[in-house]
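Peer 1: Here the sequence shown is numbered in the working numbering, starting from 2 and rising by one per residue.
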Amino acid sequence: MHGAGNDFIVIDGTRQDIRSITPAIWRKLAHRQLGVGADQILIVEPSNLPNVDFKYRIFNADGGEVEQCGNGSRCFVRFVHEEGLSTKNEVRVEVSNGLLTLKRL
């Protein structure tokens, strides 16, 4: 998926268990010659918090997890809507440093 010049791999962790995926695997997936290739990998997971729709995790191409990405957030909310994970135009998500409300434009 592309957003404002960045490209993302988006993985649905609500329908499959992705807990065994390591930073080394994230790096391989994001590698432009040996993997799919991406600036970042966005993960959609279920949240355990009340009134929160999803957990949103972001991994850079080097395998490190980061707190936030504006372009990634736009792609995240589009993905959950297009994949039928939510019909809401606004979703609340848990990120590593708090909660966000993402709006589908």
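Beta carbons: idealized from backbone N, C-alpha and C, even for Gly.
Because the structure is a prediction, the values reported are computed rather than measured.
Run through DSSP, which three-state label would V106 get?
Peer 2: Position 105 of the sequence shown, counted from the start, is the residue given in the question as residue 106. Looking at the sequence itself, residue 106 is Leu, so the reference to Val does not match. Correct three-state label for L106: coil.
Peer 1: What residues are listed by DSSP as bridge partners for N61?
Peer 2: Taking the first residue of the sequence shown as 1, we reach residue 61 at position 60. DSSP output for N61 lists Q41 as bridge partner(s).
Peer 1: Assess, as a yes-or-no matter, whether the region 21-30 is touched by the region 52-70 under the definition of 3 or more beta carbon pairs within less than 8 Å.
Peer 2: Output reads yes: the region 21-30 touches the region 52-70.
Peer 1: Tell me the DSSP secondary structure of L100 in three-state form.
Peer 2: Mapped onto the sequence shown, residue 100 falls at position 99. Three-state DSSP puts L100 in a strand.
Peer 1: Check whether the Cβ of Q69 lies closer than 8 Å to any Cβ atom in chain B.
Peer 2: No chain B is present in this structure, which holds just one protein chain.
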